[in-house]
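A.B. asks: Below: one structure in structure tokens.
Protein chains in written order, with our numbering: chain L, 120 to 233; chain W, 80 to 194.
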């Protein structure tokens, strides 16, 4: 079945540091890929997405590129802020592309310090 | 526009009891899906409803059930609660749940503790 593997956390960075959170997936065909963010005490919010190979999703300084050849969708940000502290989830849709049924990774907690 | 609303926010039950959680989707959204979030298993898909019909189902036992009303509001029910059912239950809504360019909106969740 489909699966998503994320790097283990927590990731602790100083403000303005470069962020990479690795995500690889296993799926039949070419699913859509997503990054969601969860702030403390809140539900998940869509951060960015890519629906086909070589697409780059971007939002709020974060970006990720859909790499079919390496089945990866790594999240990057050039300069993190304390307000970026949250849990980040990589996810994929199934073959039907149904937006409502997602397979999530285990999440990576990011802690940004001054 | 109001977001996805889940009630109650917190719930404490004992083993063997049953519980009902409620979710009101964003106005106009007809697809409602439910996820269970635990520290050990992460986020797992429970089921999805569209037009009062269950359209997709995850790998959970029959103790987990749901329904959707004509106004798209949804409830999920867990019977004969077990300690392992302690989790954050998240509801998400989207317009139709079938288009890859649709955005999924999540509620803040119901934190269920089973003692």
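Built from N, CA and C at the ideal position, the CB exists for glycine as well. Everything numeric in this text was worked out from a predicted model, so none of it was measured.
Do you know how far the Cα of residue 195/L is from the Cα of residue 182/L?
C.D. replies: Here the question's residue 182/L lines up with position 63 in the first chain. Here the question's residue 195/L lines up with position 76 in the first chain. Approximately 5 Å, taken between the alpha carbons.
A.B. asks: Going along chain W, which residues have a C-beta under 8 Å from residue 225/L?
C.D. replies: Locating residue 225/L in the first chain gives position 106, where the first residue counts as 1. Per Cβ cutoff of 8 Å: 121.
A.B. asks: What residues are listed by DSSP as bridge partners for residue 121/W?
C.D. replies: As a working note, residue 121/W is residue 42 in the second chain. Answer by DSSP bridge pairing, in chain order: 117/W.
A.B. asks: Within 10 angstroms of the Cβ of residue 92/L, are there 16 or more other Cβ atoms? Answer buried if so, exposed if not.
C.D. replies: Shown here, chain L extends from 120 to 233; a query on residue 92/L therefore has no answer.
A.B. asks: With DSSP as the reference, identify every bridge partner of residue 135/W, one or two as the case may be.
C.D. replies: Working through the second chain from its first residue, we reach residue 135/W at position 56. Note: residue 135/W sits in a beta bridge opposite 127/W.
A.B. asks: Can you tell which of 125/L, 206/L and 225/L has its C-alpha closest to the C-alpha of residue 160/L?
C.D. replies: The residue given as residue 160/L occupies position 41 in the first chain. Checking every option, the nearest Cα to that of residue 160/L belongs to 206/L.
A.B. asks: What does DSSP give as the partner residues of residue 130/L in its beta bridges?
C.D. replies: Your numbering for residue 130/L matches position 11 in the first chain. In the DSSP output, where bridge partners are listed per residue, residue 130/L has 229/L.
A.B. asks: Please work out which residues of its chain come closer than 8 Å, Cβ to Cβ, to residue 133/L, disregarding the five sequence neighbours upstream and downstream, and give them in chain order.
C.D. replies: As a first step, residue 133/L must be located in the first chain, where it is residue number 14. The answer, listed in chain order, is 231, 232 and 233.
A.B. asks: Between residue 135/W and chain L, is any beta-carbon pair separated by less than 8 Å?
C.D. replies: Walking along the second chain from the start, residue 135/W turns up at place 56. Yes, residue 135/W counts as interfacial toward chain L.
A.B. asks: Taking just the CA atoms, how far does residue 127/W sit from residue 150/W?
C.D. replies: Taking the first residue of the second chain as position 1, residue 150/W is located at position 71. Taking the first residue of the second chain as position 1, residue 127/W is located at position 48. Taking the straight line from one Cα to the other gives about 15 Å.
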